[in-house]
Amino acid sequence: MESRSILADAHGRQIHKLRVQLTDACNFRCFYCMPLTPRFLPSAALLSSTELLAICSALAGYGIDEIRVSGGEPTLSKDFEAIIEGLSGLPLRKLGLTTNGFLLEGKLDFLKQTRCQHINLSLDSLQAQRFHEITRTKNFKKVYKAVLQAKAKGFQVKVNVVVLRGINDDEIMDFVRFSADHDVEVRFLELMKIGCSNQNHSLNFVPAREIIKRIEESEILLPQSVNRDSTSFNFTTTSGARVGFIASESQAFCSFCSRLRLTATGQLRACIMSEAGVNLRGVPREEYQGILKTVLKMKPLSRLDHIEQPMYQIGG
Ligand code: SAM
Ligand code: SF4
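For the sequence shown, the tail end lands on 320 under my numbering, and the numbers increase by one without skipping.
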């Protein structure tokens with residue numbers, strides 16, 4: 005019991021979610037996330053699947069009951085299947101994956117056999133040429149198809165769209181229609197001041213309230229109830245779309261945050277906006293309790309302004 009209650013911090017935040025970065029590597033080059041020629045970590049710097057699973061298992065013993073794997077691009081991990089299988093064996097309420105979708109088609113049958121049934125796909129444009137400009141790859145068709153395939157196979161699918169002024173903000177209603185047509189939840193993300201996106205942030209940034217206003221010009225938004233620690237606020241629309249808004253910049257949710265992060269190198273972090281953390285690689289389980297207390301004290305109560313480290317290195 006003691007081990008379960010330790011994950012409440014001094015401000016009453018009950019920590020029960022963990023974002024796990026499997027790798028910093030990625031096969032896309034989204035301009036707001038990584039440079040064209042990034043330097044990825046050598047594989048020796050990354051946790052092995054055994055190390056990663058041991059850490060996640062220990063953290064599950066302290067009350068983590070929701071894990072989402074991310075990256076970089078998590079499906080590029082050579083241990084992707086072993087990790088998902090291992091995580092599926094933990095006593096979790098929810099296991100999810102955030103992916104760019106490029107390799108997803110070949111993994112869906114495997115994933116269907118696991119407890120990982122929640123898949124968030126990043127799709128910043130419904131126009132091929134524009135998608136190619138944002139991701140600096142030529143994979144629109146493949147990703148678009150992966151969204152529909154995941155849906156057809158019965159996964160809980162969400163599409164993540166980072167809304168970028170002058171780049172894809174004229175597609176907001178196209179995404180609303182996409183949601184209604186395919187019964188897929190679309191989440192509009194505010195661009196965060198992280199790494200590459202610090203440059204030109206004020207030019208590219210679109211606040212969630214503006215996105216909502218634009219949708220309300222042609223639809224009525226009906227609020228949906230969400231958990232207190234939800235990062236998004238959600239609506240259905242009169243046309244049957246399901247939309248969510250992640251207003252990390254304009255309406256930060258720090259005071260309800262229930263998440264820790266584990267980087268691919270084994271660092272346990274308290275906040276996406278801070279490089280502070282403690283490395284758990286090789287740390288015996290007896291030391292976890294003290295480390296968790298230390299990490300929880302690192303959790304800011306209000307929003308830190310920006311972070312220089314790029315998103316793909318943090319684990320989005
Ligand atoms: N590669 C996978 C993907 O793209 O889904 C997982 C990692 S990616 C870093 C996770 C999510 O973070 C993606 O939806 C991406 O669009 C989002 N993201 C990256 N940089 C961001 C930023 N500066 N502000 C808001 N979202 C960002
Ligand atoms: Fe890769 Fe995801 Fe970053 Fe795009 S957002 S470069 S797909 S890690």
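Glycine included, each C-beta is placed from N, C-alpha and C at the ideal position.
Status (buried if at least 16 other CB within 10 Å, exposed otherwise) for residue i
i	result
Glu194	buried
Ile318	buried
Thr235	buried
Glu46	First, the amino acid is wrong: residue 46 is Pro here, not Glu. Exposed, since its Cβ has fewer than 16 Cβ neighbours within 10 Å.
Phe159	buried
Gln271	buried
Leu226	exposed
Ile123	buried
Phe114	exposed
Met5	Any reading at Met5 must be qualified, since the residue scores a pLDDT of 40, below 50, and its modelled position is unreliable; no value is offered.
Ala29	buried
Ser81	buried
Thr54	exposed
Glu312	exposed
Asp13	buried
Residue i: first and last residue of the uninterrupted alpha helix (DSSP H) it sits in
i	result
Lys21	Segment 21-25 is the beta strand (DSSP E) holding Lys21; no alpha helix (DSSP H) there.
Ile59	53-64
Gln271	Per DSSP, Gln271 belongs to no alpha helix (DSSP H); it is in the beta strand (DSSP E), 271-273.
Leu99	Run containing Leu99: none in the alpha helix (DSSP H); it sits in the beta strand (DSSP E), 98-103.
Ser206	205-208
Leu1	Absent from the structure is residue 1, since the part of the chain shown begins at 5 and ends at 320.
Glu220	212-220
Ser183	176-186
Glu89	84-92
Phe257	It is not in any alpha helix (DSSP H) - Phe257 carries neither H nor E in the DSSP assignment.
Ala132	132-139
Extent of the continuous beta strand (DSSP E) to which residue i belongs
i	result
Gln153	Where Gln153 is concerned, there is no enclosing beta strand (DSSP E), although the alpha helix (DSSP H) it sits in stretches over 144-156.
Ile123	120-126
Ile71	70-74
Arg263	263-266
Residue i versus residue j - alpha carbon distance
i	j	result
Ala64	Leu96	7 Å
Gly16	Leu300	11 Å
Phe179	Glu291	47 Å
Val247	Gln293	39 Å
Asp233	Arg72	15 Å
Ser201	Ser129	18 Å
Arg8	Gln18	Confidence is the limiting factor: at Arg8 the pLDDT is only 49, short of 50, which leaves the residue's position unreliable, though a coordinate-based value still follows. When rounded, the distance between both Cα atoms is 10 Å.
Val188	Gly76	24 Å
Ala251	Phe237	9 Å
Pro304	Val190	29 Å
Leu152	Lys146	10 Å
Thr269	Thr242	45 Å
Lys162	Ala184	13 Å
Ile215	Leu22	29 Å
Leu11	Met177	40 Å
Gly286	Thr118	28 Å
Phe192	Ala212	8 Å
Lys149	Ser126	12 Å
Ser52	Asn104	22 Å
Gly67	Ser262	11 Å
Leu107	Asp83	14 Å
Glu220	Phe239	11 Å
Beta-bridge pairing of residue i - partner residues as DSSP gives them
i	result
Gln317	Paired residue(s): none; Gln317 is not in a bridge.
Val299	The partner list for Val299 (beta bridge, DSSP) is empty, contrary to what the question assumes.
Gly248	Arg191, Asn238
Gly281	Arg273
Ala12	Gln18
Ile198	Ile311
Asn333	Limits of the chain in this structure are 5 at one end and 320 at the other, which puts residue 333 out of reach.
Leu225	Thr241
Minimum Cβ-Cβ distance from residue i to chain D less than 7 Å
i	result
Lys82	The structure shown contains no chain D, having only a single protein chain.
Heavy atom of ligand 3 within 6 Å of residue i beta-carbon
i	result
Asn104	Ligand 3 is absent from the structure shown, which contains only ligand 1 and ligand 2.
Original post:
So, do the segment 267-286 and the segment 302-320 have three or more beta carbon pairs nearer to each other than 8 Å?
Top reply: yes
Original post:
Is there contact between the segment 79-98 and the segment 131-143, where contact requires at least three CB pairs shorter than 8 Å?
Top reply: Taking 8 Å as the limit for Cβ pairs, the verdict is that the segment 131-143 does not touch the segment 79-98.
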